[in-house]
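Take the sequence shown: its position 118, counting from 1, is numbered 188 in the working numbering, and each next residue is one higher. For every residue, glycine included, the Cβ atom is placed at its ideal position computed from N, Cα and C. See below for the structure under consideration.
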Amino acid sequence: SKNIQMAEWTVRIVTYNVAMKSGDAQSAEELVKSEGIEELLIIGLQEVAHGEQYGGTTPSWLNSLVKAVGEQTRYTLIGKTFQATNLLLIFVQRKHASKINRIEYRFAKNTLGGLTGHKGSIGAMLSFSNGQSIVLTLSHFVHDVSQLEARIMQYKGNKMCTFPEAKSVRASFWFGDLNFRIEGEQDEVKKKIDQGNLENLLERDQLLKYRNQGRVFTDYEEASIKFAPTYRFVMGSTDYDLKRTPSWCDRILYKGTANSRVVAKNYSRMDRVLASDHLPVQGIYNIPLADLPATQEWRISFHHIPTWYTSIPLSVRFRYRRSDYWKRKGGFTDWIGLFPARAPDLTNPIKWVFAMTCYTDSSSPPSIVAEFESMETGEYRVAYHSVHYNMVIGLSSPFKVIDPRSQLPSTH
Numbered sequence: 071s072k073n074i075q076m077a078e079w080t081v082r083i084v085t086y087n088v089a090m091k092s093g094d095a096q097s098a099e100e101l102v103k104s105e106g107i108e109e110l111l112i113i114g115l116q117e118v119a120h121g122e123q124y125g126g127t128t129p130s131w132l133n134s135l136v137k138a139v140g141e142q143t144r145y146t147l148i149g150k151t152f153q154a155t156n157l158l159l160i161f162v163q164r165k166h167a168s169k170i171n172r173i174e175y176r177f178a179k180n181t182l183g184g185l186t187g188h189k190g191s192i193g194a195m196l197s198f199s200n201g202q203s204i205v206l207t208l209s210h211f212v213h214d215v216s217q218l219e220a221r222i223m224q225y226k227g228n229k230m231c232t233f234p235e236a237k238s239v240r241a242s243f244w245f246g247d248l249n250f251r252i253e254g255e256q257d258e259v260k261k262k263i264d265q266g267n268l269e270n271l272l273e274r275d276q277l278l279k280y281r282n283q284g285r286v287f288t289d290y291e292e293a294s295i296k297f298a299p300t301y302r303f304v305m306g307s308t309d310y311d312l313k314r315t316p317s318w319c320d321r322i323l324y325k326g327t328a329n330s331r332v333v334a335k336n337y338s339r340m341d342r343v344l345a346s347d348h349l350p351v352q353g354i355y356n357i358p359l360a361d362l363p364a365t366q367e368w369r370i371s372f373h374h375i376p377t378w379y380t381s382i383p384l385s386v387r388f389r390y391r392r393s394d395y396w397k398r399k400g401g402f403t404d405w406i407g408l409f410p411a412r413a414p415d416l417t418n419p420i421k422w423v424f425a426m427t428c429y430t431d432s433s434s435p436p437s438i439v440a441e442f443e444s445m446e447t448g449e450y451r452v453a454y455h456s457v458h459y460n461m462v463i464g465l466s467s468p469f470k471v472i473d474p475r476s477q478l479p480s481t482h
């Protein structure tokens, strides 16, 4: 088919320990700022305030990042997951969203002997419509220079979050506040940083040292570090707080396969994001994906939705592309949701109904009808979210809702 092509996707990964501070708009804008060429934007946060999961913290990082994405970019959020104070966000360019078929998550908890996941890992496997996948593993490892063995143990125990048994994986990324330290005294390390002598410090970096010895991240690569350590700073500045030895706590590692090499294009520290005592780190990577169709139909197809009036309850019709979808993969908590047409977040609808409350009409072949109460004026889309696939698997074209009174002829 002419529709098949070799595809190289670019992914931008950002890791940031936000130290329980709230998510200000300026920091969020800096974190999501990009040329917009990357198909995927992945943001992993550690030490997010507990209230964020329950909507209690304002402004939250999640809301600030989604708002910044909505205002600046063509991305939309297709996957998000919390584990305690860790948050993983998966954004994709809206035009490519239908090429991702499924998101699967795994979790490992290490705080209080596995009781909570403050320290631990979140793994996400994104499967594409061509049967290939990529893995994203976000971690927060135990802190303190003396806890090296505990970090190595945590790495081994959290490996299950990398989907090691999956044969479909073309690229795997492991990132976060891995908490490996530079071995040395604060003042002496600071002096080396001031002299620009990173070489000497890299020799004393625990992650590099023990990776070379074959004890940790042995099958992963890391782009060369050309930036000064990312921890610990006086809040709101780039001045080191020498209560701790400056260290490269925040890292991004990656691996490809024998026939699909991941290429690192950028690995840098983000010096303008000053909300925390860490600085964020970003990496940009190219991933080869074979035979990804240029366009991909969704699993659920929505019928054309005409311009609608605010005074009339909204009804939308759709079909499952596979007639046995509901029997095979349907879930009691599948939902159909309404979104703004340029929604930067496909996980959070304005209104929604459960798929099991929909009914089949008498057309031939039959369609399924979802009904909503009447909507305010605006431009919208409707999406179908599958619990089995952990993401939206159908998205309508945009449609308008208008006030019928605005259509009345003028009486002047």
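In the displayed model, residue 363 falls within a strand according to three-state DSSP. Separation of residue 450 and residue 473 (C-alpha to C-alpha, rounded to the nearest whole angstrom) is 14 Å.
Between the alpha carbons of residue 271 and residue 320 lies a gap of roughly 15 Å.
Contact annotation: the segment 275-292 does not touch the segment 387-395, with fewer than three C-beta pairs closer than 8 Å. With contacts defined by Cβ atoms closer than 8 Å, residue 418 and residue 175 do not form a contacting pair. Judged by their CB atoms, residue 159 and residue 211 are not nearer to each other than the 8 Å cut-off. For residue 356, the secondary structure class from DSSP, reduced to helix, strand or coil, is strand.
A direct Cα-to-Cα measurement between residue 172 and residue 231 gives close to 16 Å. One Cα belongs to residue 206, the other to residue 215, and the distance between them is close to 26 Å.
In this structure, residue 217 lies away from residue 180, with their beta-carbon atoms at least 8 Å apart. In this structure, DSSP gives residue 90 a state outside helix and strand, which the three-state scheme calls coil. Burial state of residue 195 is buried, judged by a 10 Å Cβ sphere holding 16 or more other Cβ atoms. In this structure, residue 331 sits away from residue 297, with a CB-CB distance that is not shorter than 8 Å. With distances taken between CA atoms, residue 92 lies nearest to 344 out of 344, 407, 414 and 213.
Residue 467 and residue 301 have their C-alpha atoms some 45 Å from each other.
CA-to-CA, the gap between residue 243 and residue 144 works out to about 23 Å. Below 8 Å, too few C-beta pairs join the segment 396-415 and the segment 349-364 to call them touching: fewer than three. Beta-bridge partners of residue 470 (DSSP): 449. Looking only at 141, 208 and 221, the smallest Cα-Cα distance to residue 117 is reached by 208.
Under the DSSP assignment, residue 221 falls outside any beta strand (DSSP E), being part of the alpha helix (DSSP H) whose first and last residues are 218-227.
When the alpha-carbon of residue 162 is set against those of 107, 201 and 130, the nearest one is in 107. If you check the CB distance, residue 322 and residue 286 do not come in under 8 Å.
Collapsing the DSSP output to three states places residue 386 in a strand. Residues 82, 111 and 143 of the same chain have their beta carbon placed closer than 8 Å to that of residue 104, with the five preceding and five following residues left out of the count. Distances from the CA of residue 137 to each of 97, 156 and 201 were compared; the closest alpha carbon is that of 97. Distance from the CA atom of residue 462 to the CA atom of residue 372, rounded to whole angstroms, is 13 Å.
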